[in-house]
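Protein chains: 2
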Amino acid sequence: MTLASRLPDRPGFRPLYQQVRELLLARIASGVWRPAEALPSEQTLASELGVSHGTVRKALDSLAADNLVERRQGKGTYVVEHTQESAHFRFFKIAYPGGERAMPSCRKATISERLAKPGERQRLGLDADARVFQIKRDRFIDGAVAVREVIVISADLFRGLDKRQPLPNTLYTLYQAEFGVSIVSASEQIESVRAGRDDAEALGIEAGAPLLEINRTAYDITGRAIELRQSRFASGKLVYSVELR
Amino acid sequence: MTLASRLPDRPGFRPLYQQVRELLLARIASGVWRPAEALPSEQTLASELGVSHGTVRKALDSLAADNLVERRQGKGTYVVEHTQESAHFRFFKIAYPGGERAMPSCRKATISERLAKPGERQRLGLDADARVFQIKRDRFIDGAVAVREVIVISADLFRGLDKRQPLPNTLYTLYQAEFGVSIVSASEQIESVRAGRDDAEALGIEAGAPLLEINRTAYDITGRAIELRQSRFASGKLVYSVELR
DNA sequence: GAGTGGTCTAGACCACGCA
DNA sequence: GCGTGGTCTAGACCACTCT
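Residue numbers (the working numbering), protein chains in the order written: chain A, 1 to 245; chain B, 1001 to 1245.
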């Protein structure tokens, strides 16, 4: 088997269940099991890897805690799949002041391809002459533009995406289904800015009004930065809502 | 023992380890073990409760995952204590644009007592004639006012707090040490507002400039709302920074 | 009924902190 | 060296899902 001896040989000792976790994670990341597919049963994995039921279980529990697999009693353990709802619930923190999550629709998006700017190259870990797709779109709530987004992704990683109009409401389902890229975490920085002429006109507010601006970096299963996204919206009807634990 | 039979008797079956968890949680909440104190060892708890080592362990792991206890290998399991650093790291999401967490100091605070407003009563679950303390304070970074806070708490729950000047930088250590109230989670809603005359003057910016306004509700170990806190700061030097998983 | 994940047990041994 | 939490095992039985 590919696991280190179960006899702890310090230094460099790592628990067996962590080794199992990483082995399974690598298989998921490399596409051995695709999103929505079932992994082998705990018993099968245990005997294949030569470890006990409990050890495999602990590894799978840890992957489930990180939202990488999903367990269904009586059925099996599945690689997580991004649905419209799950991606929205996990990463979209814009809500009505009462607390209810907003659910915007999306009509038109414009995609352009260009050289990556230095800051984008740095944040996305791209080469000097790398190209990116830039997606601009307005998202609607109750028939009016509510959120304006600018999204930047590697053109190399998402080759052909610019020919796939119309785009789905939640891009992460597309990234996963068509390009094998699963977004599993993100970092957001929020600031307060004045609306420019363009934003003000699109959002139906006066120029100079305060806007919330969210700058997100989204990461895949391996921790690689995949997407930069800037979202802007007017406070009042909507707020950014988050739980701290 | 106080636990339900370990023989599952559906309906109403609840796993043993959850029952153990709730029993331990109730003891912590009622002060049987105080913050920073050690719980009995896993082995002791197991024999006292008449369950196995593994079951107690699963209950303690779950409490540790919720930041209610802290495990230290070789030493024991401790009720979490809010230190300046831990409370700050968990609940203070204001950072420099680079990502480094800001660490403001606090000079003067003013405390007043008054009747709770209807919205406050509702959010804090208070009676009709309940009174609250309102704390206003400015927090400093690099010698200048950076964040303005208005905090509202039940005067009944924190009786005598108004006579305890000066207040510590992180109030949650005071709530816990002097009033037995442990803040374990919070909900924040962020919006973008224009600076009023007063805020503009205090923050050294022009009136009407965009500010980030954070409205927090903080909860204790039993899920009861304890504190309302509004924080305002100017974007530019500082951002609100959060990780999504 | 067969197969899956979920719970629970009992016991062995390891890593860590401290006296 | 002792007591603590951390890992790992083997096996039993329960709960859920599908056929």
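Even for Gly, the Cβ is constructed at its ideal location relative to N, Cα and C.
In the three-state reduction of the DSSP assignment, T1222(B) falls in the coil class. According to the DSSP assignment, F1158(B) belongs to no alpha helix (DSSP H), since it is labelled neither H nor E. For V193(A), the chain B residues whose Cβ falls inside 8 Å of its Cβ are S1192, P1210, S1235, in order along the chain.
Among the bridge pairs identified by DSSP, L1045(B) is matched with none. The CB of S231(A) never comes closer than 9 Å to any CB in chain B; the least such distance is about 12 Å. Contact annotation: A1109(B) and V1132(B) have beta-carbon atoms that are not nearer than 8 Å.
Interface annotation, E1243(B): in contact with chain A, CB-CB separation under 8 Å. Around G196(A), the same chain offers A207 as residues with beta carbons nearer than 8 Å, after the five sequence neighbours per side are excluded.
One finds nothing in chain B with a Cβ atom closer than 7 Å to the Cβ of F89(A); even the nearest lies about 11 Å away. In its chain, beyond the 5 residues on either side, G1076 have a beta carbon closer than 7 Å to the beta carbon of S1041(B). At a cut-off of 8 Å between beta-carbon atoms, E1188(B) makes contact with chain A. If the five residues before and after S187(A) are omitted, its C-beta is found closer than 6 Å to the C-beta atoms of T217, all from its own chain and listed in chain order.
Taking a contact as a CB-CB distance under 8 Å, the pair L1023(B) and V1069(B) does not count as one, their CB atoms being some 13 Å apart. Its chain contains L124, I153, S154, L157, Y175, V181, I183, A218, Y219, D220 as the residues whose beta carbon lies nearer than 8 Å to that of I226(A), once the 5 sequence neighbours on both sides are disregarded; these appear in chain order. When L167(A), P15(A), F92(A), R90(A) are compared, the shortest CA-CA separation from I111(A) is found for L167(A).
For V1239(B), at least one C-beta of chain A is nearer than 8 Å to its own C-beta.
Cβ contact annotation for A1144(B) (same chain, cutoff 7 Å, sequence separation greater than five): G1204, in chain order. For S185(A), at least one C-beta of chain B is nearer than 8 Å to its own C-beta.
Among the CB atoms of chain A, one or more fall inside 8 Å of the CB of N1067(B). Per DSSP, Q73(A) is not a residue of any alpha helix (DSSP H), being assigned neither H nor E.
Here I205(A) carries a coil assignment [DSSP, helix/strand/coil]. Here K1093(B) is buried. Its C-beta has 16 or more other C-beta atoms within 10 Å.
Under a 10 Å Cβ-count criterion, R139(A) is classified as buried, with 16 or more other Cβ atoms of the shown protein chains found around its own Cβ.
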